[in-house]
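Step one of this worksheet: look at the structure below.
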Amino acid sequence: MDLELMIASLPKLLSAATITLKLLLVSLIIGLFIGFIFAILRLNKNIFINRFAYGYSYLFRGTPLLVQIFIIYFGLGQIEYLRSTFLWVVLKEPYWCAIIAFALNTGAYTSEILRSAFQTIKPGVIEAGQSLGISSKIIFYKIQIPIAIRQSLPAYGNEIILMMKGTSLASTVTLMDLTGVAKYIISTTFKPIEVFIVAGGIYLFMTFIIHNVIKFLEKKYSFN
Amino acid sequence: MELLAFGDTGWGDELFYATLMTIAVSITAMIIGFSFAAIFTPLKLSNNKLLNLIANSYTTVIRGVPELLVIYLFFFGGTGAVMYVASIFGYNEYIEINAFITGAFAIGIISGAYSTEVFRGAVQSIDKGQFEAAKVLGLSKFAQFYKIILPQVLRLAIPNLSNVWQITLKDTSLISVTGLVEIMRQSYIAAGSTRDPLFFYSFAAVLYLLLTYLSMKLINRLEIKYSRGY
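Protein chains in written order, with my numbering: chain B, 1 to 224; chain H, 1001 to 1230.
Set out below in structure tokens:
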């Protein structure tokens, strides 16, 4: 065990962890937005809209995240037309490519989580709202959404942790996130176990925090 | 389309073999995962605190650390570990470990952590009366487990194991960083030499979709088979 290396690599890995967190946070916010829109599209009665939303989530849940990042980072740059538009400003940056891939990926999972949460709301709750004479818009915002959010918290907590692990793939498109820096240190020092313990420890710490925050929220918003 | 031709002109045959490689790694990893689950599920369910702690740390660490980091650990650390063990037995030559074995092992350990959780949940949701009834019938411990408990565990576990399979299948794409020529690696090579990454990565996505779709169909059949009588 090379304790000295472990201590020396800690600051480098910690500062890389901030990049991991930044990637996670930005993709989660965009992903939540996408997930919400697609969950509502999934509940739409129009079969084309419905199918489109299902196709999106099927596509992104059925393929590895690595393929998605590579298509966006290496693939899209190949389209000449895209290079001349303003989109190129975003797509030439590995940082934004990674975020687009993560956001689309987590958006697909989030849409499934929210959809099933909406579907498990008992019809009686909505009927109760209707019989009180509340407009369907307010029923949606004040009754359905709060229940759905509470309902989807445990599953969404898992998704956050999965996404945090997913951000490690940013290192494959040259970003120096926690896994990227860990790999760099391993390949220069050839001390995989020591680096794994420190980097893995940081990841576990973040998992622990996320887990407890979700647990706290679950308790806070529980029905009884 | 000529890019996908079989033979020397296209990448069809290479991608075909790469797909077989992905399937082979996934199945191997799944089997390794099952053997880990077979060890750690009883530890999780035992009344011994120490054994619980061992099993819980395994599943917590593996499920809380990115797959890629685990793969790097095995990729860079695997050779060293095997050579260290060999040196105890007096063998000091350089040992090169096959990328297939390293990859399948890394993914297998990850898959095993998920399988352990699935089996633990399935065993726990079996009615206590079933264990007692098996005992009362005077069956041997072995028969109690194989004839009474395991069939019920499998029925409950298969839907969740199908999720584990999907995760494992997709995780194998990460082994491409170690140079094993599976779908992702082959697409990377083809994309590099033809300068057509969009086509090859999209095709890789189609191959993965095909694999997940087909395995879904197969698992559904299995599910029906194991829920006979329910």
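Just so it is clear, CB atoms sit at the ideal spot from N, CA and C, and this is done for glycine as well.
Values in this document were obtained by computation on a predicted structure and should not be read as measured data.
- Annotation for residue 117 of chain B: 148, 151 and 152 place their beta carbon closer than 7 Å to its own, counting only its chain and skipping 5 residues before and after.
- In the DSSP annotation of this structure, the continuous segment of the alpha helix (DSSP H) that includes residue 130 of chain B starts and ends at 123–131.
- Apart from sequence neighbours up to five positions away, the residues of its chain that approach residue 109 of chain B with a beta-carbon distance below 7 Å are 61 and 159, ordered along the chain.
- In the same chain as residue 52 of chain B, and ignoring 5 residues on each side of it, the C-beta atoms closer than 8 Å to its own belong to 41, in chain order.
- For residue 78 of chain B, the nearest beta carbon of chain H is closer than 8 Å to its own beta carbon.
- In the three-state reduction of the DSSP assignment, residue 177 of chain B falls in the coil class, being assigned neither a helical nor a strand state.
- Per the coordinates, the alpha-carbon of residue 142 of chain B lies some 48 Å from the alpha-carbon of residue 1038 of chain H.
- When secondary structure is reduced to three states using DSSP, residue 160 of chain B falls in the helix class.
- Interface criterion not met: the Cβ of residue 133 of chain B is under 8 Å from no Cβ in chain H.
- Using a Cβ-Cβ cut-off of 8 Å, residue 1061 of chain H is close to 200 and 204 of chain B, given in chain order.
- Around the CB of residue 1194 of chain H, fewer than 16 other CB atoms lie within 10 Å, so the residue is classed as exposed.
- DSSP, reduced to helix, strand and coil, places residue 1065 of chain H outside both helices and strands of the structure shown, so it counts as coil.
- Beta-carbon to beta-carbon, residue 102 of chain B and residue 167 of chain B are separated by about 6 Å, close enough to satisfy the 8 Å threshold.
- DSSP places residue 1011 of chain H in the coil class of the three-state scheme, outside both helix and strand.
- Nearest CB-CB separation between residue 1085 of chain H and chain B: not below the 8 Å threshold.
- Listed along chain B, the residues sitting closer than 8 Å to residue 1208 of chain H by beta-carbon distance are 62, 63, 64 and 67.
- For residue 12 of chain B, the three-state secondary structure derived from DSSP is helix.
- Counting C-beta atoms within 10 angstroms of its own C-beta, residue 1089 of chain H has fewer than 16 neighbours from the protein chains shown and is therefore classed as exposed.
- Under the 8 Å criterion on CB atoms, residue 165 of chain B is classed as interfacial with respect to chain H.
- Residue 1132 of chain H carries a helical assignment under DSSP once its states are collapsed to helix, strand and coil.
- Just measuring C-alpha positions, the residue of H:1083, H:1122 and H:1108 sitting nearest residue 1156 of chain H is H:1122.
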